[in-house]
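In this note's numbering, the protein residues as written are 10 to 306. C-beta atoms are modelled at their ideal positions from N, C-alpha and C, and glycine is treated no differently. Here the structure is a predicted model, which means the values were calculated and not measured. Worksheet for the structure shown next.
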Amino acid sequence: MKAITLVNRRGGRAGADARDRVSLALTAAGIEGPVELIDGDQLAARARAAVDHGAALVIAAGGDGSQSAVAGALAGTGCALGILPLGTLNHLARDLAIPSDLDEAAAVIASGHRRRIDLAEMNGKIFVNNSAIGLYPLMVLDRISQQVRLGRSKRLAMMVASARTLWRFHDQRLRLTVNNGEQELLDTPLLFVGNNDYRLALPAAGRRQTLDDGRLCVMVMRRKGVLGLLAAMARALVGLTRPDDMVRLDNVRELRVESVQSRVTVSVDGETCALDWPLTYRILPGALTVIAPIPGA
Numbered sequence: 010m011k012a013i014t015l016v017n018r019r020g021g022r023a024g025a026d027a028r029d030r031v032s033l034a035l036t037a038a039g040i041e042g043p044v045e046l047i048d049g050d051q052l053a054a055r056a057r058a059a060v061d062h063g064a065a066l067v068i069a070a071g072g073d074g075s076q077s078a079v080a081g082a083l084a085g086t087g088c089a090l091g092i093l094p095l096g097t098l099n100h101l102a103r104d105l106a107i108p109s110d111l112d113e114a115a116a117v118i119a120s121g122h123r124r125r126i127d128l129a130e131m132n133g134k135i136f137v138n139n140s141a142i143g144l145y146p147l148m149v150l151d152r153i154s155q156q157v158r159l160g161r162s163k164r165l166a167m168m169v170a171s172a173r174t175l176w177r178f179h180d181q182r183l184r185l186t187v188n189n190g191e192q193e194l195l196d197t198p199l200l201f202v203g204n205n206d207y208r209l210a211l212p213a214a215g216r217r218q219t220l221d222d223g224r225l226c227v228m229v230m231r232r233k234g235v236l237g238l239l240a241a242m243a244r245a246l247v248g249l250t251r252p253d254d255m256v257r258l259d260n261v262r263e264l265r266v267e268s269v270q271s272r273v274t275v276s277v278d279g280e281t282c283a284l285d286w287p288l289t290y291r292i293l294p295g296a297l298t299v300i301a302p303i304p305g306a
């Protein structure tokens, strides 16, 4: 089997020897081809170039941000994505039942089993996991600032960022238009849009059982005071979300989000960006070919 492998030099657990470790795992699995160490912001362009030159398989070694960048470049092309999870959380790999162990993940790629899965899109930007408006992206911005300025660990910085953001945050008034029809006007601290359905209850909290359902997962957090928000977030972290914490919108294939504000900070697969309103989310059924274990096997 031949492939082009792109290693994000700063992808989560990558480390200084990431390229060597990836090369060894691929060689042991019988996978041939160049292994390139690349900056994260160059992954999409390099993947597009590989497709233009006829590549049938591009392997992304990194975290969810790396997988998302390469997936966006491969969407709709027929070129398959192979996943070597080197990130901190590796949500996409986990939901596809791809092992976190590098050698085992390489063996999955060598098996060659191809699946078509959905992608989601927000204002033309493709994502594999989820996007959020409100509390979460502001927490991420604060966390990154602390890591850069103060050298704090990701976990500690996020704890501090969560407390500060909750204390300062005010609800946003949003107008939601679902599938170009029904409209809702609401005030919320958090809007979550996922690529396929996310579970909220144990034992599968934060996981997806399918990635080919053809629907967005849209959840709106109910208005609460600071203490109520803290309690709701704590329940979400341990998989004990209550019905009065979130409102779930069903059968959403397209979602338009509007606000009276001029700009909005959005998180997309863990990365943040500032955009003009409105935001339009769409599901892209079967847009990506991945190499992954057979579901249920």
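Check, Outcome
"Residue range of the beta strand (DSSP E) that Lys134 falls in?", "134 to 136"
"With H, G and I counted as helix, E and B as strand and the rest as coil, what does DSSP make of Pro126?", "The sequence shown places Ile at residue 126, not Pro. DSSP places Ile126 in strand when its eight states are reduced to three."
"Helix, strand or coil: which one does DSSP assign to Asp285?", "strand"
"Within the same chain, show all residues whose beta-carbon is closer than 8 Å to that of Arg272, passing over the 5 residues directly before and after it, in chain order.", "Ala283, Leu284, Asp285, Trp286"
"Helix, strand or coil: which one does DSSP assign to Thr219?", "coil"
"I want to know whether the region 220 to 232 touches the region 149 to 159 - three or more CB-CB distances under 8 Å.", "no"
"Starting from the Cα of Tyr207, find the closest Cα among Thr197, Ala172, Asp196, Asp259 and give me that residue.", "Asp259"
"Tell me which residues share the same chain as Asn99 and place their Cβ nearer than 7 Å to its Cβ, disregarding the 5 neighbours each side in the sequence.", "Gly72, Asp73, Ser109"
"Measuring straight from C-alpha to C-alpha, what distance separates Thr219 and Arg55?", "29 Å"
"Could you give the DSSP three-state label for Met10: helix, strand or coil?", "coil"
"According to DSSP, simplified to helix, strand and coil, what is Val31?", "helix"
"Flag this pair as yes or no: are the beta carbons of Asp127 and Asn17 separated by less than 8 Å?", "no"
"Going by DSSP, what residues sit across from Asp110 in a beta bridge?", "Partner(s): none; Asp110 has no beta bridge."
"Tell me where the beta strand (DSSP E) around Pro94 begins and ends.", "89 to 94"
"How would you write the range of the alpha helix (DSSP H) that Val157 sits in, first residue to last?", "144 to 159"
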